[in-house]
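These notes are about the structure you will find just below.
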Amino acid sequence: MEAAYGATVLLHPFKPQNPVFLTKAKLPVKAKYPSLKKFNCSISSISTSKELVLAEDWPHLLKLSIGSGNFLLGQAIHAFLIKSNSSNDVFQGNNLINFYTKFNELDDARKVFDEIPVRNTITWTTLIKGHLNNGDSESVFSIAHDMCFSGEKFNEHTCSVILQACSEEEDLIRGEQIHGFVIKSGIEGNAFVGTSLISLYSTTGFLNEAENVFNNISVKDVQCLNYMILEYGKAGFMEKAFQAFVDVLSSDLEPTDYTFTNIISTFSENVGIEEGRQLHGLAVKYGVINVTSLGNALITMYGKLGMVEDSERMFHSLSERNLISWTALISGYVRNGCSEKAADIFLELLYHGIYCDPSCLVTVLDGCSECRNLDLGVQLHGFVIKSGYLCDANIVTALVDMYSKSDNLKSAKIVFDGFSSKSIALFNAILVGFIKTNRDDDDEDAMVLFRQLRFAGIKPDLVTFSRLLSLSANQACLVKGETLHAYTIKTGFESSLMVSNALITMYAKCGSIKGACQTFDGMHCRDSVSWNAMVSAYSIHGQGKTALRLFKEIKGEGFAVDEFTVLAILQACCYTGLWHDGIRIFNEMESSYKINPLIEHYA
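Heads up, the sequence shown is in our numbering, so the first residue is 931 and it goes up one at a time.
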């Protein structure tokens, strides 16, 4: 037995090939592994210990090597297991596979896997998960295929990992196949599997399917609810996101920092000051306020609410700040017109030696775009040139977007023309400038650029068609609008909600109420924007009674009436002399629809 734990050990021949003196390798002991204190703080104590190292201690030691980032320790343990003829044991082998995958040593993990004579489901699942965590989704599917033909059964963890790979690859076909197996196996109600299915369907744009899966989970855990809060928020379903948040608070589940980060991020655009403070208070109550990511979300929220001082207090209260913390504070300053403070904090960031990466600059430039702060945007443009970032596609796109939204199409064109690697995102950014200037020659320039991009093999996306259709609508050019419509049919984008809504508006503004109606009637699913666009279309064409009938349908279909819906119906009543109906709806705004009238409604 003493020989098995000698001071000098030849490591496993995978790597390295030379002998290693274990006494020279230091082992940082983590507080969360107190049972390992008997080994002191070095590998040498393992080799010289008079106590028997029990089989159940090896997994803990491997966890320690992972937690401390000590790859040498894990290799030494592997060597000990080989010498004691334990490396081929399925239990020890599973832990070794996990160890090697954690250090991105997938070849070594595979060699351990191949040497295990009798494997179990955990063996296969550990190897599959290791490849997923290292970004090798194709191997996930390949190994899962081999596992299936080996006769080993998938369990809920196996299915969850494979579904995560499908989600990352946006592979709906494989995902649906696994979903079928999940239903057949009776594990659809499992929270692990359910969360992975929710991720798959929401990532691939099928939120209704994700919601069905969510409703079928028998016992929901906090991770599952956190994910639904996030996905509802992304899709704009604020009430459902809030209900999922309430479900967490009203259950026996303990909300995590992710719970609050997701709900605050979801409501940061729409939350009121009082609600924002309540969310902050709840985060304090549940003891998660010191988490940096949550603090960053609160800084962003207060910035969007115009509460600059609260945003500053939150920033300075963070025990640990990262680049996102600084970026969130800068964006808050920019949004609220505090350009000097934004510039000062940006300089302070640089003074502290914090690396300002392109994503930080993009965020700050986006802030300049949102509040039309051209002065700070120009200064940042100079910093970008000085830092050599003008070759970064995301930064160039952000610059073009900033100039376009600030009504400086000339500068936007200069930046656009000076960048050789054109992308669809860059083209979409300059389209904003064309739309805002609303000149006939700009409309023609946009179509010329569109043809050039197509010739270069760059494929348009939903945003491209939506903005080009808006441009045609502004110019009331039905011919160009119909040409674009034909192209959306050819490329399969006509069924997109965003494109369909833009088509309704385009046909209405170009004088074709028939085209608007046909587009609206042909939509498989509609949102509030679709209904508002159609009400506006009837309003433009003087069909007030039809607009009123559609207004009733909106309420009957369960869609929320917003300020844009009311404005459109008031305009319809105004244009067609339906004064009594208009006054009635105006008087019902606060009592029935909880909408505070704006100056446009009074007008």
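Note that the Cβ used here is the ideal one computed from N, Cα and C, for glycine as well.
Where residue i falls, given that 16 or more other Cβ within 10 Å makes a residue buried
i	result
S1299	buried
A1227	buried
N1015	exposed
L1306	buried
L1478	buried
F1079	exposed
H1510	exposed
H1061	buried
H1471	buried
A1171	buried
C1440	buried
D1182	exposed
Q1208	exposed
R1049	buried
S1396	buried
I1419	exposed
I1203	exposed
Beta-carbon contacts of residue i that lie in its chain and below 8 Å, excluding the five residues immediately before and after
i	result
P899	In the structure displayed, the chain extends from 931 to 1533; residue 899 sits before or after that span and is not available.
L1280	C1286
L885	In the structure as shown, the chain begins at 931 and stops at 1533. Residue 885 is therefore absent and cannot be evaluated.
R1384	P1390
P1047	N1018
C1455	L1427
Same chain only: Cβ atoms within 6 Å of residue i, ignoring 5 sequence neighbours per side
i	result
A1446	I1434, Y1437, A1438, A1467
T1257	C1290, T1293
K954	For K954, the predicted model reports a pLDDT of 36, less than 50, meaning its position is unreliable; a value from the coordinates is still stated below. Result list for K954: empty, nothing under 6 Å.
F920	Residue 920 is absent from the structure shown; the chain starts at 931 and stops at 1533.
C1503	G1474, D1511, G1512
Closest residue to residue i among the options (Cα-Cα distance)
i	options	result
S1402	A1386, H1415, D1044	H1415
N1085	V1264, T1056, L1002, N1064	T1056
G1206	N1220, T1230, V1221	T1230
A1273	C1154, S1090, G1312, T1506	G1312
K1366	G1387, F1349, Q1405, F1380	Q1405
L1379	S1396, I1354, A1165, V1393	I1354
S1097	A1140, D1296, E1118	A1140
N1303	K1316, L1329, L1508	L1329
I1058	K1032, T1394, K1271, F1489	K1032
I1052	I1027, E1045, E1068, L1036	I1027
I1113	V1143, K1234, S1129	V1143
I1128	G1116, Y1162, F1111, S1115	Y1162
V1149	H1075, G1119, R1456	G1119
Y1333	L1310, L1392, H1454	L1310
G1166	G999, E1068, D1457	D1457
S1425	S1126, G1135, Q1501, E1082	G1135
Own chain, CB closer than 7 Å to residue i, minus 5 neighbours either side, in chain order
i	result
F1029	L992, S995, I996, G1004
H1210	L1228
C1301	V1264, R1265, G1267
F1071	A1095, R1104
N1252	T1222
F1494	N1462
D1536	Residue 1536 falls outside the range modelled here, since the chain spans only 931 to 1533, and no answer is possible.
N1368	N1404
V1459	N1431
A1074	I1058, I1092
T1476	Y1468
L1160	N1192
Inter-residue spacing [alpha-carbon to alpha-carbon] between residue i and residue j
i	j	result
G1236	N1200	12 Å
S989	N1025	A small fix is needed here, since residue 989 is Pro in this sequence, not Ser. Rounded to the nearest angstrom, the two C-alpha atoms are 6 Å apart.
F1122	L1137	18 Å
S1180	V1152	12 Å
Y1340	F1450	In the sequence as presented, Tyr is not what sits at residue 1340; that position holds Lys. So the two alpha carbons sit approximately 37 Å from each other.
C1154	I1529	42 Å
F1245	E1099	36 Å
T1133	V1091	15 Å
A1039	F1010	17 Å
I1260	F1197	20 Å
Y1131	L1102	8 Å
E1270	S1255	18 Å
G999	N1034	12 Å
A1174	E1518	30 Å
P1527	G1110	50 Å
H1282	E1106	50 Å
S1115	C1089	11 Å
S1521	H1531	15 Å
D1375	M1158	43 Å
Cβ of residue i within 8 Å of any chain B Cβ
i	result
T1133	Here there is only one protein chain, and chain B is not present.
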